[in-house]
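Shown next, in structure tokens, is the structure this report addresses.
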Amino acid sequence: MTINAHPELPDFDYVRPATLMEASQFLAQHAGEARPLCGGTDIFVRMRDGLWHDRYLVDVKKLDGTANLACDAAGLTIGAGVSMNRVIAEAAVRQNYPLLAEACCSVASHQLRTRATIVGNLCNASPAGDTIGACLVLGGRLRVHGTDGFREIPLEGFFTGPGKNTLRPGDIVTAIHFAPLPAHSAGTYIKLGRNTWSDLSIVGLTAFGYPDETAASGYRFKIAMASVAPTPLLAHKAQDFLAENPPNLQSFDQAARLASAACSPIDDVRSSARYRKLMVYQLTKKALQQTWEKLTR
Amino acid sequence: MALHHITLTVNGEFEQVDVPSQMTLLQMLRDKLALTGTKNGCNAGECGACTVMVDGEAVNSCMVLAVECQGANVVTVEGLAKDGVLDPVQQAIINHGGVQCGFCTPGMLISARALLNRNPEPSEDDIRAALVGNLCRCTGYVRIIEAVQEAAKRQKALN
Amino acid sequence: MIRMEETMTPNQPATSVPHPIGDSVTRVDAKEKVIGAALFSDDLQFGPGLLYARIKRSPHPHALIKRIDTSKAQALPGVKAVVTGESFPGMTGLYLQDRHIFCRDRVRYVGDPVAGVAAVSEAIAEQAVELIEVEYEPLQGVFDPEFGATSEAPVLHPDLGKYKVQNFIFPKPGTNISNHFRIRKGDVDAAWSQCAAIVEHSYRIPHIQHVPIEPHVAVAKVDENGKVTLWGTSQSPFAQRNLIAIALGISQSDVEVIAPYVGGGFGCKAGVSMEALAVAVASKTKGKPVKLRLTREEEFYTAFVRQGMVAHFKMGCDAQGRLLAMQNRFYWDGGAYTEYGVNITRASGYSSSGPYDVPNVKTDSFCVYTNHPVGGPMRGFGMPEMHTGLEQCIDELALAIEMDPVQFRRINCVQGGDTLVTGMTMHPTGLSECLDKAAKAIDWGRKVAPSAPNKRRGKGIAAMWKAPAMSPNASSSAKVALNEDGTVTVSVGGQDIGQGSFTIAAQMAAAALGVPIDWVRVATPLDTNYSPYEWQTVASRLTWSMGNAVAAAARDARQQILELVAKAWNEKIEDLDIVDGNVISYKSEETISLKNIAIYGLPLPNDQGWIGGPVLGRGNFMPTYVTGLNAETGQGPRAVVHYTTGVQAVEVEVDLDTGKVQVLRGVGAFDVGKAINPEMVKAQMEGGFVQGMSTALFESLQLKEGVLQNPSFVDYRIATTSDVPMDIQSIIVEVPQDDGPWGARGVGEHSMVPTVAAIANAIYDAIGIRVGAPPYSAEKVYLAMVDAGLVKEMEG
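Chains as they are written, first to last, in the working numbering: chain A, 1 to 297; chain B, 1001 to 1159; chain C, 2001 to 2796.
Below is the structure:
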């Protein structure tokens, strides 16, 4: 609860190292009192609310390629410093990864998207994160630079609790990378907020599907749910069901029930657990139907 | 904590300012440069009253550190009119009665100008989306949306 | 009483209205606002001597203060003053003085001010506040007004009997009831047996907040002589001057309040709230000015809020649909201090029949202290809260006798000559016309198919009325001065909070004087040292009350000019006129421009001297006819000055899959007497509709044991551009107000009053379910549909 919000930001030092290694070392040396800064849209709010007290904010927006956005035969790589508006504006993203652009468009406002980044959204690890579902279902992998250099990690398992991830002191996520998607894939993101647009999600439902002859049904679907569990959640049982059963309204309905059963929402100031569970069912059905329509157009 | 010496362009004018790390662009504009047209409505990136353009893009200036604006080109509401001639969005919002208390107006105008710069023929939904981060409590928005539609038409006619 | 004919110039037919009355002139402050030059309170510059204040606030909803230790705060470098309630024994309050500037022995809501700090920077002041140590003894809290009204509840204001109170407010000392207003009209108990249908419903209306986009700001300076200067976000500079002077025990003439442009008020910047804190802190900083800003979070729970309400309605009609009886019990959750809110209790009481002719009415309206944020004036002053339930009951009653809801209202709506709930005789009103026009505009009775198979479409209508709620002698004054070049400077004490009052002041002065609108300026900012007195900018009273004063001042100036020229030309005043800034004689056809004569006068022939001098017109207006009401029955000859009536209708769609309610279009029709500036009147109608819609769909202050769970925009949502329909139609109806300038009365609040009820009635039309009290969130509607069996909850 933000009832103790201060008028302005607390004192801190803004630090801009010249290289990733400098940044990782600085972060590791000042573990517990330093934090990487991308768009700042989550950090500034929490600092003003008195929840985070970092002494150093380390700007990683333009370090060794973190400002780069590249889409080619090798896939899509979005640097940590790339704003969501820039992702949306990139024709290659809209063409080849439209679900990602759709998810970005749902975030907050145009002004916030000028600053907010997908990597920031992921690292913030809010179960409500709008772009997290798309990144999960599209198989995004994080490029991380730590004190011992680069490594790549899958998104599954990255989120360990509300606002918690597996990063260690010194780690900087430098980019998210997506391999080229299967041909003829399609996806949908449905976000239920209080306002028609903008707002945080009460429930966010991402569905993604593509033809796959290794699946008994001939198709694989991925379903990611936001705001209904301590972390962003994939609906594994529903996904498995759709791999086994032919895609039609009944199987979408059953998958939606399984997704609803898999989530564990809470009552909070935004909504109730009861409503959220029911909406997971409704939105999963809708998202699967819309995805199916796109696949079979 | 140390101050950062930054240089930037604001409304076409060169400025140099010494800013602490935690000073936002909003604070710098209002308190250091006395450009009080940009307003503080929430200081949390929600209301849009602080919207300015940085390097051509609309942004909540309360969510940007001043130190991050080294070398940037910033435009505020004070920089919209040119040589005393109102920007089409300014004239249109007056014509349509889209100004009441005027507190959300600077942010609205910047968001509208930034929209028309990147999308000169916006649909009604494009306008709603561009302004969804600018809260207004007085007008009910309809006249503001209509004003942006008129400004787009006027611009098109002038070009 | 000012008659319309007095505002006309001779030789003109009485029905013609002079320009620019009725013209939609561009607002006078538009350009300043769009170029960012308009100065709001936080924009004022005070130089390097400015100090900054922050406030130590109670974390408990109800507690005794055992000990306050400010020593660590005082020792912090950069701190210039630390104050507590010990130094300020005075009490403040508009209708009931129940509030100290800083708490002295106890705190009564989360956020109640306990101490204040002034420092060289806001950041240091904030640090200092955290160093102040306060020891509390928590007490049992009161969080429900019905409970608060019982004898089991702890008494929050044991000294209620000692508070100064205006004679039309009736507190019950020894209880939490700070006002009990009664209506006893006719014989309700006997009437029920005559009713063919009776409807009984209760509604729990949540607290909401005004959410002006500009949070409160105050800058105060107290010089060595004890003279106070206060700059701030104010709807009511004179009320602030008065209440602060009383609280400090000083003369009103030693308090100067300066009010720059206001970024939205809706009532929260009326009366006195945080301004007194700034003045108190400044009294210890040896003449240095002190700025206090509320954060947005503080705005949500430490500024005025709109009180919650528990309303019990019972109403009945005969088989022909005539309303026979209404019985109302209102419990207002007034919050920790009800100095202002007590009048909401009264205003809802004297309007408790709604805009209907009802022969038998019994109302008990209670203002109850609770340990909740402070309830204050918000647009509608009790009317939105009351109409939300009342207008739904009216619909239910209509349906109970199988009558169309519009027809039901047609039969019962109040008309000129009716005896109202207080015994007052209703003046002519266009409510029926509003009803007919609104119903027509929304295509009432015509069902349109929903836009998709999973949607349901419905229409709803609601009527309203409201009188300006104020002291019986609330007054206005105005000055009109002419300048060398013939331009006119109008001085008023009424604040433009966005509604356009400066613009219509200019229009009225131009019309009554006879000059082009471009010649008229309004002197701003308001300054109690120089501006003429205005009670407050509330109650939708400026157009009518301030307007009368402006017109009177302009006529006074006109009279002075005509007397001068008549003497100089040796003509009769009746043959002279002022048209387009020129004095003309209809007899001799002489003409002279106002330029130069308004200051310097006119020379006598043969260089024999001068006559005239600076023209300064003055005018004031105060209603003289408002009477008291009997304390037991609420009856009296004239409860209020007048009523503005109106109707709103909406068309909505409900999504069966999510419960989301979308307002497709809206219509409002209001009787404004005379639209001085029609476009600005329509802008009020639209803005109020959207604000009402926002409260209907999104808004509530979620209070749990006195603690606000959603004190920020993240979780207190208001309507955005994505939520509004483009199709909002505003219809102006004009049945003149006998003592309004050119027949005008106010409309600023009224467009927010019936909206929630109209939407609730439309939801019922769409899905056949009464969803209860707002906000009608998607969740509330969806779960109501599930529980009613309209949609299937998924099994398993």
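Every residue gets a Cβ at the ideal spot worked out from N, C-alpha and C, and that includes glycine.
Open item on the list: Just verifying my parser: in three-state terms, what is the DSSP assignment at Ala2153/C?
Closed with: coil
TODO: Starting from the beta carbon of Gln282/A, find every residue of chain C whose beta carbon is closer than 7 Å, and list them in chain order.
DONE: Asp2657, Thr2658
- [ ] Express the C-alpha separation of Arg2665/C and Gly2458/C in angstroms, rounding to a whole number.
- [x] 11 Å
Open item on the list: 8 Å is my cut-off, CB to CB: does Thr41/A come that close to chain B?
Closed with: yes
- [ ] Within the region 2021-2071 of chain C, note down every full beta strand (DSSP E) run reaching 3 residues or more, in order along the chain.
- [x] 2051-2057, 2063-2069
- [ ] My understanding is that Gln2684/C touches Gly2748/C, with C-beta atoms under 8 Å, so please give their C-beta distance in whole angstroms.
- [x] Cβ atoms of Gln2684/C and Gly2748/C come within 8 Å of each other, at about 5 Å.
TODO: Please confirm if the region 2672-2688 of chain C is in contact with the region 2749-2769 of chain C, defined as three or more CB-CB distances below 8 Å between the two stretches.
DONE: yes
- [ ] Compute the Euclidean distance between the alpha carbons of Ala2347/C and Asn2179/C, then round it to the nearest angstrom.
- [x] 11 Å
- [ ] Please specify which runs of the alpha helix (DSSP H), each continuous and at least 4 residues long, are wholly inside the region 2315-2402 of chain C, giving them in chain order.
- [x] 2342-2350, 2383-2400
TODO: With DSSP as the reference, label Tyr2136/C as helix, strand or coil.
DONE: strand
Open item on the list: For the alpha helix (DSSP H) containing Pro202/A, name the first residue and the last one.
Closed with: The amino acid at residue 202/A is misidentified as Pro; the sequence shows Ile. Where Ile202/A is concerned, there is no enclosing alpha helix (DSSP H), given that its DSSP letter is neither H nor E.
TODO: Using 10 angstroms around the beta-carbon of Ala175/A, count the other beta-carbons present and answer buried if the total reaches 16, otherwise exposed.
DONE: buried
Open item on the list: For a quick check, are the C-beta atoms of Asn1040/B and Gly1048/B less than 8 Å apart?
Closed with: no
TODO: Could you tell me the distance, in whole angstroms, from the CA atom of Pro2605/C to the CA atom of Ile2611/C?
DONE: 11 Å
- [ ] Hey, could you find the ends of the beta strand (DSSP E) Ser2432/C is sitting in?
- [x] Premise fails: Ser2432/C lies in the alpha helix (DSSP H), 2431-2441, not in any beta strand (DSSP E).
- [ ] Anything in the region 119-145 of chain A with a Cβ closer than 7 Å to a Cβ of chain C? List those residues in chain order, please.
- [x] none
Open item on the list: Would you say Gln1027/B lies against chain A (beta-carbon separation less than 8 Å)?
Closed with: yes
Open item on the list: Please report the straight-line C-alpha distance between Leu2783/C and Glu2130/C, rounded to a whole angstrom.
Closed with: 44 Å
TODO: Measure the alpha-carbon distance for Glu2779/C versus Tyr2533/C and round it to whole angstroms.
DONE: 49 Å
- [ ] Work out the CA separation of Val2724/C and Arg2638/C for me, nearest whole Å.
- [x] 40 Å
TODO: Go through its chain and collect everything with a Cβ distance to Phe2147/C's Cβ below 8 Å, but skip five positions before and after it.
DONE: Ala2153
Task: Cα-Cα separation, Val2079/C to Ala2115/C - done: 13 Å
Open item on the list: For the region 2314-2331 of chain C against the region 2358-2365 of chain C, do three or more pairs of beta-carbon atoms, one drawn from each stretch, fall closer than 8 Å, so that the two count as touching?
Closed with: yes
Open item on the list: Looking only at its chain, what residues have a beta carbon closer than 6 Å to the beta carbon of Ala2474/C, apart from the 5 residues adjacent to it on each side?
Closed with: Trp2535
Task: Contacting positions in the region 2031-2065 of chain C - beta carbon closer than 9 Å to chain B - done: Taking 9 Å as the Cβ-Cβ cut-off against chain B, the residues of the region 2031-2065 of chain C that qualify are Lys2031, Glu2032, Lys2033, Val2034, Ile2035, Gly2036, Ala2037, Ala2038, Leu2039, Phe2040, Asp2042, Asp2043, Leu2044, Gln2045.
Task: Short CB-CB distance (under 8 Å) between Arg2717/C and chain A - done: yes
- [ ] Compare the C-alpha of Ala2089/C against each of Val2257/C, Ala2276/C, Ala2481/C and name the closest.
- [x] As written in the sequence, residue 2089/C is Pro, which differs from the Ala given in the question. When only C-alpha atoms are compared, the closest one is Ala2276/C.
- [ ] Per DSSP, which residues does Lys2799/C bridge with? Please list them.
- [x] In this structure chain C extends from 2001 to 2796, so residue 2799/C is not present and cannot be described.
Open item on the list: Whole angstroms are fine: how far does the CA of Ile88/A sit from the CA of Cys105/A?
Closed with: 7 Å
Open item on the list: Based on DSSP bridge pairs, tell me the residues matched to Trp2231/C.
Closed with: As computed with DSSP, Trp2231/C is found in a beta bridge with Val2219/C, Ile2258/C.
Open item on the list: I'd like the ranges of any beta strand (DSSP E) spanning at least 3 consecutive residues and lying wholly in the region 2486-2567 of chain C.
Closed with: 2488-2492, 2520-2522
TODO: Please confirm whether Asp42/A and Gly120/A have their CB atoms less than 8 Å apart.
DONE: yes
Open item on the list: For Val45/A and Phe2698/C, what's the separation of their Cα atoms in angstroms?
Closed with: 23 Å
Task: Interface positions of the region 87-115 of chain A facing chain B (Cβ-Cβ less than 7 Å), listed along the chain - done: Within the region 87-115 of chain A, the residues whose Cβ lies closer than 7 Å to any Cβ of chain B are, in chain order, Ala108, Ser109, His110, Gln111, Leu112, Thr114, Arg115.
Open item on the list: Judging by CA-CA distance, which residue of Glu2224/C, Ser2694/C, Thr2175/C, Phe2238/C is the nearest neighbour of Tyr2369/C?
Closed with: Thr2175/C
TODO: Give the straight-line distance between the Cα atoms of Leu2542/C and Phe2502/C, rounded to the nearest whole angstrom.
DONE: 10 Å
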